[in-house]
Amino acid sequence: MKYAIILTTACITGLSACDSPTPPSYSAQDVTRIYAGYDRVNGLPLTPTADLPAGHGTYDGHIDGAVSGDVDGAIVGDMRMEINFITNDIGGTIDNVNYVDEAGVPEQLLGGSLHIDGDLTNGSLSANATGNLTAVGDEHIRGSAATDLALSGDIRTDSRDGDAVAGTVVGTATGDFDMTLTNGAFYGIDD
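Using our numbering, you'd call the opening residue of the sequence shown number 717 and step up by one each time.
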């Protein structure tokens, strides 16, 4: 009885230390599918500037990349990128970010989302995704980290001119936990 009281008191005193990590929203098969999706879209031909869409595109896809720092492995997440081809403005969101261990197994869903903001120039895009990611329960990755990712890529053609985007991602997360993202990628399709 004495041990149960001490354990309960310890959990109440340090709630985050007793929390379990948020279960991942991806399976290992999902991660493999995301990697294959990037390879396919990145292999599509670039869209010539003269053939870029005239209006607006919404590109749904994913980001991924190797991470090192307080944890080693990778992250994968959902991306929605909005491109206004009239003003050349880029916006959007990255969310549903999962930490994946070095064996390729998703470990936990990170909370928060990142806001995409950037510009399009002659079919090439440059944007940043910023915001806070949060984690619970793991001794290495817990709390909140200010995240800043740099996205660089191009408009590509799948089934019609300018209906795909693909590129690279690098960046950092700093705060209660620190991560550096390298060898990252993103892709999206405008259905």
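For glycine and all other residues, C-beta sits at the position ideal for the given N, C-alpha and C.
Exposure of Ile802 is indicated by the presence of fewer than 16 other C-beta atoms within 10 angstroms of its C-beta. In the three-state DSSP reduction, Gly753 falls in the helix class (H, G or I). Going by DSSP, Phe893 is part of no beta strand (DSSP E) at all; its letter is neither H nor E. Put simply, the backbone Cα of Gly839 is about 5 Å away from that of Ile871. Annotation for Ser840: the continuous beta strand (DSSP E) segment containing it runs Ser840 to Ala851. In the DSSP assignment, Tyr775 falls within the unbroken beta strand (DSSP E) covering His772 to Gly785.
Phe902 has Ile779 and Gly883 as its beta-bridge partners, per DSSP. Taking the C-beta atoms as reference points, Ala845 is found nearer than 8 Å to Leu867. The C-beta distance from Val881 to Gly904 rounds to 5 Å, short enough to meet the 8 Å contact threshold. Inclusion of Ala744 and Pro822 in the CB contact set at 8 Å is warranted, their separation being smaller than that value.
Note that the C-beta distance between Pro761 and Thr873 is below 8 Å.
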